[in-house]
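J.: Numbering (full-length UniProt numbering), first residue to last: 1 to 668.
Ideal Cβ placement from N, Cα and C applies to all residues, glycine included.
Just so you know, these numbers come straight off a predicted model, no measurement behind them.
Shown below is the structure under consideration.
So this is what it looks like as C-alpha cells:
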C-alpha cells in the first residue's frame with residue numbers, strides 16, 4: 001500500500017481509477033473501470049495519492065509525483081525516440097494553426113481537390129504526397145513547411161495517398177481495406193440476413209435490421225440472398241450493437257455526429273469485396289426505437305454524395321473500434337495482467353518467464369504513458385475519436401460483452417468471424433473463406449512460426465502433463481492472470497485449462513502472437529493508412545442531410561462543401577496526423593520477432609538454441625514470402641494498378657514510421 005517510489009520493484013493490480021481528474025471539474029471525472037459495474041482488466045498498481053474531490057480516484061502524475069512503473073525498461077535510445085515524437089506532436093499542433101489562419105480550413109481541402117476534378121473517382125490512383133505538393137499556392141506553402149518539418153523534426157509524410165480520396169475512398173479501396181488495412185479483424189461472414197441486433201429491444205426497439213433483399217439483390221449476379229450466404233459471397237462490417245448505446249450521447253457533444261453502422265459486402269469473382277449497402281442507425285430514446293437509413297451505390301448525383309458520406313461514417317466507426325477495442329483493449333489492456341502475474345509468480349530463471357521476457361518489454365511503461373496522455377480525460381484518444389469522453393466506457397462494453405481469451409489466437413479469431421473453417425487439407429489446417437485475405441494469409445505465417453517455436457520449447461521442458469500440473473510457479477502465474485488480472489471475467493467457462501503441454505502451448509502462443517503480429521497490424525499502420533483524414537476520418541462533425549433539414553438546399557447546391565464540413569477540420573486533421581506519426585514509428589533499438597539478445601542463457605541446451613535458430617530462419621523466409629505475394633498479380637487485394645501492397649506483417653523494418661515491422665513486444 002502507499003505511494004510507490006522509482007526504486008521500487010513492486011508488481012500489483014489495480015482498477016483503472018486514474019483516467020479522470022475530478023479536481024479539474026466534473027467534465028474531467030471518469031468512471032472507474034474494473035469491478036461489477038464496469039468490468040475491465042486490471043492494470044499495474046501505481047499508488048498515486050487520491051484526488052481531493054473523489055478519494056476513490058487516483059490523482060494524475062505530476063513533476064513532483066511522476067507515474068510509477070516497476071521497471072524503467074526504456075533504454076536511452078527509446079527515450080530519445082519518444083522525446084523526438086513529442087516534439088513532432090507539438091509541431092503538429094502549431095503548423096496547422098498557421099496554415100488555417102492564412103488560408104482557412106475549407107480552402108485547404110478544396111485546393112487539394114483542384115487538380116483532381118477530371119479524375120475518374122472509381123479508379124484508385126496512388127501517388128506520393130510529394131507529387132501533390134506543387135499544385136497550388138496553398139500546397140506550395142505546405143511544401144515549404146514540410147521541408148522544415150523533415151529537416152528539423154524528420155516527420156515524414158504519409159507513404160501514399162490517393163488522388164481520389166479527397167471525397168472519400170472509392171468503393172474498391174473501401175472494400176479492400178477491410179481485408180488489408182489497419183483494421184482487418186472486424187470483417188465477418190454474413191450468416192443471417194437481415195442482420196438481427198442482440199441489444200435489449202425494450203430500450204433500443206425491434207432487433208430487425210432495415211436492410212432488405214431489395215437493397216442488395218442487384219449486387220448478387222443472379223443469386224438469391226440465401227444462395228449468396230450459402231456460397232460464402234456475403235460479408236458484413238457490423239458496428240450496430242457496439243455503437244448504438246452511445247450514439248445519442250456522442251451526438252449531444254458539440255462537433256461530434258455519428259451513427260451505428262452496418263455495411264454489406266459482396267465477394268466478386270475477382271476475389272475483391274464490393275460494398276452493396278450501408279445501414280445508418282440513430283436511437284429514438286423517447287420512442288424506445290431507432291431510426292434506420294439504408295444507402296446503396298449511387299444512381300444519381302445526390303445519391304453519390306450521400307453514399308460518400310455514408311462510407312465516411314462507416315470509416316469513422318471502424319477507426320474507433322480499431323483504436324479502442326482491437327488495439328487498446330485486446331492488446332494493451334488485456335495482455336498487461338499476464339505480464340504482471342509473470343513478474344509476481346515466475347522466477348527469472350523459470351523457462352516460461354525466459355521465453356516471455358522479450359515479449360513483456362515496454363508494455364507497462366507504454367500503458368502508463370497511455371493512461372497519462374492518451375486515454376485519460378481530455379487526452380488525445382478522447383480528443384480525436386468519435387466517442388469522445390465515452391471512449392473508455394466504449395472499450396469496457398466490448399470487454400464485458402465480447403472479449404474471450406480463448407478466441408484471441410489468430411486461427412480461433414478467423415473461425416469465429418466465419419473467415420475460415422478448419423480443414424486439414426490446407427496450410428495451417430484452415431481454409432480461408434476469402435482466399436486473398438492478406439491479413440490472415442500473412443498472419444498465419446507468423447502464427448505458425450510462433451506456434452512451432454513454442455511447441456518445441458514447451459515439449460522440451462514439459463514432455464508430460466504431470467510436469468505442467470505440478471509446476472507451482474506456472475500454475476500460480478496462470479491462475480493469478482485469470483483470477484486477479486481478469487477478475488471480472490474469472491468465472492467465465494471459456495477460460496482455457498492449464499493441465500497439459502498442449503494447453504500451455506496454446507496459451508503462450510496466443511500471448512506472443514497478440515503482442516507481436518497482432519499489435520504490429522493495429523499500431524504501425526495507423527499513420528500510413530489513417531493520416532490522410534478524408535480516407536479515414538476519426539470522427540465526423542455532421543450527419544447526412546435529410547430533405548427536412550434547413551441545410552438540405554445548401555447540400556444540393558454545394559455537396560463538396562457539405563462533405564468537407566462533415567470531416568474534422570484541417571487543424572484537427574493535421575494535429576491527429578502528427579499524433580499518429582509519433583505512435584506509429586519504430587525506435588532505433590527495436591528488437592524484431594526472430595531476434596533475441598539473450599540466447600547465451602541457453603548455452604547448455606542445444607535443442608533450445610536450435611529451436612530459436614529455426615524460428616529466426618522462419619521469420620526471414622516470411623519476409624521473402626510476403627514480398628512474393630505483394631508482387632503476385634493474381635492477388636488483387638495486394639497487387640495491381642492502384643493497389644497498396646500489404647506490408648504490416650513483414651517481420652523486419654528500419655527505424656521510423658515505415659508501415660512494416662513486427663517487434664517482439666508492445667513498444668508503442
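Please report how far the alpha carbon of residue 292 lies from the alpha carbon of residue 47, in whole angstroms.
T.: Cα to Cα, residue 292 sits roughly 47 Å from residue 47.
J.: From residue 620 to residue 452, what distance separates their C-alpha atoms?
T.: So the alpha carbons of these two residues sit roughly 15 Å apart.
J.: Could you pull out every unbroken beta strand (DSSP E) segment of at least 3 residues lying fully inside the segment 539-598, listed in chain order?
T.: As far as the segment 539-598 is concerned, it has no whole beta strand (DSSP E) run of at least 3 residues.
J.: How should residue 212 be labelled, buried or exposed, when 16 other C-beta atoms within 10 angstroms of its C-beta is the threshold for buried?
T.: By the neighbour-count rule (16 or more Cβ atoms within 10 Å), residue 212 is not buried but exposed.
J.: Put residue 52 into one of helix, strand or coil per three-state DSSP.
T.: Three-state DSSP puts residue 52 in coil, outside helix and strand.
J.: Are residue 623 and residue 363 close, meaning C-beta to C-beta below 9 Å?
T.: No, these two residues do not count as a Cβ contact at 9 Å.
J.: With distances taken from CA atoms, which of 418, 167, 294 is nearest residue 564?
T.: Comparing Cα positions, the closest option is 167.
J.: Hey, out of 338, 304, 284, 580, whose CA is closest to residue 559's CA?
T.: For residue 559, the nearest C-alpha among the options comes from 304.
J.: For residue 473, collect the residues of the same chain with a Cβ closer than 6 Å to its Cβ; drop the 5 residues on either side in sequence, then sort them by chain order.
T.: If we look at residue 473 and ignore the five residues flanking it on each side, its Cβ neighbours are 345, 346, 350.
J.: Tell me, please, which residues DSSP counts as bridged to residue 43.
T.: Answer by DSSP bridge pairing, in chain order: 14.
J.: Contact defined as beta carbons within less than 8 Å: I believe residue 326 pairs with residue 243. What is the distance between those atoms, to the nearest angstrom?
T.: So it is not a contact: roughly 14 Å between Cβ atoms.
J.: Quick check on residue 185: does DSSP put it in helix, strand or coil?
T.: Residue 185 falls in the coil class under three-state DSSP.
J.: Give me the Cα-Cα distance between residue 145 and residue 583, rounded to the nearest whole angstrom.
T.: Bear in mind that the predicted position of residue 145 carries a pLDDT of just 47, short of 50, making it too unreliable to give a figure here.
J.: Would you kindly report the start and end of the unbroken alpha helix (DSSP H) that includes residue 195?
T.: Segment: none, residue 195 is in no alpha helix (DSSP H) and carries neither H nor E.
J.: I think residue 566 touches residue 542, with their Cβ atoms under 8 Å apart; what is that distance to the nearest whole Å?
T.: Yes, residue 566 and residue 542 are in contact; Cβ-Cβ is about 4 Å, under 8 Å.
J.: List the residues that DSSP assigns as beta-bridge partners of residue 264.
T.: Residue 264 is bridged to 236, 277.
J.: Please return the same chain residues whose Cβ sits closer than 7 Å to the Cβ of residue 260, not counting the five positions on each side in sequence.
T.: Excluding sequence neighbours, residue 260 sits near 239, 240, 243, 244, 247, 281.
J.: With which residues is residue 420 paired in a DSSP beta bridge?
T.: 432.
J.: Out of 177, 197, 352, point me to the one whose CA is closest to residue 530's CA.
T.: Of 177, 197, 352, the residue nearest in Cα terms is 177.
J.: Closest by CA to residue 419, which one among 444, 396, 30, 497?
T.: Out of 444, 396, 30, 497, 444 has the C-alpha closest to the C-alpha of residue 419.
J.: According to DSSP, simplified to helix, strand and coil, what is residue 136?
T.: Because residue 136 carries a pLDDT of 45, less than 50, the predicted location of this residue cannot be relied on, and the following value inherits that uncertainty. Three-state result, residue 136: coil.
J.: For residue 385, which residues from the same chain have a beta carbon less than 8 Å from its beta carbon, with the 5 sequence-adjacent residues on both sides left out?
T.: So the qualifying residues of the chain are 319, 320, 323, 324, 391, 538, 539.
J.: Can you tell me whether residue 497 is buried or exposed? The criterion is at least 16 other CB atoms within 10 Å of its CB, across all chains shown.
T.: Exposed.
J.: Whose CA, out of 27, 463, 592, lies closest to the CA of residue 662?
T.: Checked all of 27, 463, 592; the closest Cα to residue 662 is 592.
J.: Thinking C-alpha only, which one of 515, 30, 613, 648 is nearest residue 333?
T.: It is 515.
J.: Under 8 Å, with one C-beta from each stretch per pair, do the segment 457-464 and the segment 491-508 reach the 3-pair mark?
T.: The segment 457-464 vs the segment 491-508: in contact.
J.: Would you report the Cα separation of residue 121 and residue 170, rounded to the nearest angstrom?
T.: The predicted model places residue 121 with a pLDDT of 37, which falls under 50 and marks its position as unreliable, so this point remains unresolved.
J.: Where do the ends of the alpha helix (DSSP H) carrying residue 468 lie?
T.: Start and end: 465-469.
J.: Between 231, 251, 526, 649, which has its C-alpha nearest residue 513's C-alpha?
T.: The shortest C-alpha separation from residue 513 is found at 649.
J.: Which residue comes first and which comes last in the alpha helix (DSSP H) that contains residue 442?
T.: Run containing residue 442: 438-461, per the alpha helix (DSSP H) assignment.
J.: If you count every other CB in all the chains shown that lies within 10 Å of the CB of residue 25, and 16 or more means buried, which is it?
T.: That one is exposed.
J.: In this structure, does DSSP put residue 99 in helix, strand or coil?
T.: In this prediction, residue 99 has a pLDDT of 46, which is less than 50 and means its spatial position is unreliable; nothing more can be read from the coordinates.
J.: Excluding sequence positions up to five away, which residues of its chain have a Cβ less than 7 Å from the Cβ of residue 372?
T.: Excluding residues within five positions, the ones whose Cβ falls inside 7 Å are 60, 61, 67.
J.: Using the rule of at least 16 other Cβ atoms within 10 Å of the residue's Cβ for burial, across every protein chain shown, is residue 13 buried or exposed?
T.: Residue 13 is buried by the Cβ-count criterion.
J.: Please name the residue in 528, 225, 590 whose C-alpha comes closest to that of residue 578.
T.: Nearest option by C-alpha distance: 528.
J.: Using DSSP with H/G/I as helix, E/B as strand and the rest coil, what is residue 220?
T.: Reduced to three states, the DSSP call for residue 220 is coil.
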